[in-house]
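Worksheet: the structure to be examined is printed underneath.
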Amino acid sequence: MSTIPADLIQDRYWRGTLHLFLNQPRLKSVCTTKFIDVDGRTIKAEALKRQAQPWSHSEKCMLHLALHLFNERHKVNLSDMDFLDPNNKRLAFQAMQMRFGEV
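If you read the sequence shown in full-length UniProt numbering, its first letter stands for residue 1, the second for the next number, and so on.
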């Protein structure tokens, strides 16, 4: 992926999403220009979902969360977080905090 523009790193919709794509191993593997266009400010969600078909339940949960943080039309079931290991759960909560702010 090309260099991430500074304004995207600060954008509340992109910040949590990028955090997951850059720090979760499976998401990092698809953090490429094939799926994410930071210059065009777009994510190819349907292509990512197709790519994720063989992934584990927890990996799909992380993808759905990343897409939901980017745009609410992508639904996520928060109960799926029960399947996350401690590291992925920590990443998920960090990303949600980045999107929705401090509590």
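Every residue, glycine too, gets a C-beta built ideally from N, C-alpha and C. Treat the numbers as computed from the prediction; the structure is a model and nothing was measured.
- Annotation for Phe-83: His-57, Ser-58 and Cys-61 place their beta carbon closer than 7 Å to its own, counting only its chain and skipping 5 residues before and after.
- For Trp-55, no alpha helix (DSSP H) segment is defined, and its DSSP state is neither H nor E.
- Straight-line measurement puts the Cα of Gly-40 at about 34 Å from the Cα of Pro-86.
- With a beta-carbon spacing of about 6 Å, Leu-91 and Gln-24 fall inside the 8 Å limit used to define contacts.
- Taking C-alpha positions only, Gly-101 is separated from Asn-88 by approximately 19 Å.
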